[in-house]
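All residue numbers for the sequence shown refer to this note's numbering, where the first residue is 52 and numbers rise by one. Note that the Cβ used here is the ideal one computed from N, Cα and C, for glycine as well. Note that this is a predicted model, so its numbers are computed, not measured. Here's the structure we're looking at; comments come further down.
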Amino acid sequence: MSEAFDFKTVGFIGLGAMGKPMLVHLANKLPSESQLYVFDVVEQVVDELRTKFPNRVLKASSARDVAQQTETIITMVPEGSHVRSVYLDPQKGVCSTDISNKLLIDCSTIDTATSLAVKDYIAENFPSASFYDSPVSGGVVGAVKGTIAFFLGCAEWDPNVKRLTHLMSLMGKQIIPCGGPSLGLAAKLSNNYLSGVIAIACSEAMDMGMRSGLDPRTLAKVYAAGTAQNTICDRFNPVPHVYPEAPSSKGYKEGFKVQLMRKDFALAVDMAKRVGSKNVLGGVGLETYDGASKDPRCRDLDSRVVYRYLGGQEDWQSHVNGS
Ligand code: NAD
């Protein structure tokens, strides 16, 4: 890194499946003098991190406390309501203290309206502070490996881009400025909509081919060679044991939870409505992920479990000659 940036104090709020491994990268890679102040409503995770990095990670008592101790703050919480309370709670929120000149980065996947409301509040009350949406893609495995992508809600020429890119490069591989406020989220939601639709279509196409007598590995080869080629089929195939590294081959574990896909899909469908985009697959897609996320056979598993939800055959190997 040629340019030196001063990240002496960094705050991190929300240390769940994604936030915790992201924080671990910062703790391992920031210069030794940097201090990390962390807060999560679940204290246990903070205590674990304190034990792992006793000289580096400090426990904050609230989001407000994080804001008082640090110059740069990253948030990674589940939904818009959590982002609202983390930033705007009048007693314990980030904005309940003076955040002038601070750099605030929200990596949560939420609705664009909430993100813009938080940004507007900050612009009005603390004009020298900078707030960015910067949702991520790449899942928990990517967060652990440090390979996630950041979709940054600003223009390429934004004065903070280099600084943001430097910090995010410690946690991920690609940082893509998407053009302006909330456009990181718009990009992320349209990406997850597309990925969710492809997973349903791939499940249906595999199922009809298999029921017609095809080996799913042959089907996957055909799609890869033909016009249906896509990453879901190649690397996240919903049919178990077509691609060994896919979550489906590991009991649909260690992937992107179906409830999160349901949440992102619903946010994408709302966004499409709001901007007047025709969205013929949105209704059936949402109904499918809604059903799968409530189904006890699918809940908490990788979203490609939609194949199971749609009645796809999982033990195909026992029926295929030579397997
Ligand atoms: P998670 O539920 O595992 O973690 C969220 C953390 O936020 C929890 O530890 C929770 O205690 C904490 N939290 C909630 N409200 C809080 C508050 N008011 N103050 C402080 N902490 C609070 O969720 P996750 O999987 O880490 O996802 C976080 C965000 O990242 C979501 O918006 C999700 O859609 C997005 N995302 C997740 C994945 C994934 O594969 N898990 C991938 C990309 C993006």
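Considering only 248, 309, 342 and 188, the residue with the shortest C-alpha distance to residue 330 is 248. Excluding five sequence positions before and after residue 131, the CB atoms of its chain that fall closer than 7 angstroms to its own CB belong to 161, 162 and 165, given in chain order. Between residue 63 and residue 125, the CB-CB gap stays under 8 angstroms. In this structure residue 316 does not touch residue 211 by the C-beta definition: roughly 31 angstroms separates them, more than the 8 angstroms allowed. The ligand NAD has no heavy atom closer than 7 angstroms to the beta-carbon of residue 328.
Only residues of its own chain outside the window of five on either side were considered, and among them 287 and 288 have a CB closer than 6 angstroms to the CB of residue 297, listed in chain order. Counting C-beta pairs closer than 8 angstroms gives three or more between the segment 138-147 and the segment 110-118, which meets the contact rule. Contiguous beta strand (DSSP E) elements confined to the segment 113-169 occur at 123-126 and 154-157, taking only those with 3 or more residues. Around residue 194, the same chain offers 69, 72 and 73 as residues with beta carbons nearer than 7 angstroms, after the five sequence neighbours per side are excluded. For residue 222, the shortest separation between its Cβ and any heavy atom of the ligand NAD does not lie below 7 angstroms. When 302, 267, 314 and 245 are compared, the shortest CA-CA separation from residue 293 is found for 267. Residue 362 is classed as exposed because its beta carbon has fewer than 16 other beta carbons within 10 Å across all chains shown.
Remark: the C-beta of residue 69 is in contact range of the ligand NAD, defined as less than 7 angstroms to any heavy atom. Scanning 323, 245, 318 and 291 for the CA closest to the CA of residue 369 turns up 291.
For the options 155, 153, 152 and 159, the alpha carbon positioned closest to that of residue 134 is the one of 159. In the DSSP assignment, residue 203 forms a beta bridge with 228. Short of 6 angstroms from the beta carbon of residue 155, and not among the five residues preceding or following it, lie these beta carbons of its own chain, in chain order: 124 and 182. In the DSSP assignment, residue 86 falls within the unbroken beta strand (DSSP E) covering 86-90. Nearest in C-alpha terms to residue 337, of all of 173, 92 and 321, is 321.
Checking the 7 angstroms criterion, the Cβ of residue 159 is within range of a heavy atom belonging to the ligand NAD. Look at residue 308 here: in three-state DSSP terms it is strand. For the segment 236-317, the full-length alpha helix (DSSP H) segments reaching 4 residues or more read 267-276 and 282-286 along the chain. 8 angstroms or more divides the Cβ of residue 190 from the Cβ of residue 235. Taking 4 residues as the minimum length, the alpha helix (DSSP H) runs contained wholly in the segment 325-365 are 333-345 and 357-360, in order along the chain.
Relative to the ligand NAD, the beta carbon of residue 76 is positioned no closer than 7 angstroms to any heavy atom. Ranked by Cα distance from residue 250, the options 97, 335 and 218 are led by 335.
Between the ligand NAD and residue 317, a heavy atom-to-CB distance of less than 7 angstroms is absent.
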